[in-house]
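Student: Below is one structure. I have some questions about it.
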Amino acid sequence: MSRIDQVVQTAICSGYLTTEAEQRLCQYFDGNCNLHDIIALTMLQRALSSGQVKRLSQEETQPCEV
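Using our numbering, you'd call the opening residue of the sequence shown number 152 and step up by one each time.
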């Protein structure tokens, strides 16, 4: 299992993509990824789009509504 796949699986299992995990994905995705990594990233994108996984970095930047 690749490092990208590990981050993706953790996000899908927990339901959250943390800011740290998102930063790790950026570091790992240096252009030298393989087909398995692309598939894992596609799975993460689908999970984010469907709401199965929430992107915490996005929630942290939104202002509080009162």
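Note that beta-carbon positions come from the ideal geometry of N, C-alpha and C, so glycine has one too. These numbers were taken from a predicted model, which means no experiment stands behind them.
List the DSSP bridge partners of Y179.
Tutor: DSSP, once it has assigned bridges, lists no residue as partnering Y179.
Student: In its own chain, which residues sit with a C-beta less than 7 angstroms from the C-beta of R175, not counting the 5 before and 5 after it?
Tutor: The residues are V158.
Student: Given F180, which residues of its chain have a CB within under 8 angstroms of its CB, disregarding the five upstream and five downstream residues?
Tutor: Hits under 8 angstroms: I155, D188, L192.
Student: In chain order, what residues of the same chain have a beta carbon less than 7 angstroms from the beta carbon of S153, not counting five sequence neighbours either side?
Tutor: Excluding residues within five positions, the ones whose Cβ falls inside 7 angstroms are H187, D188.
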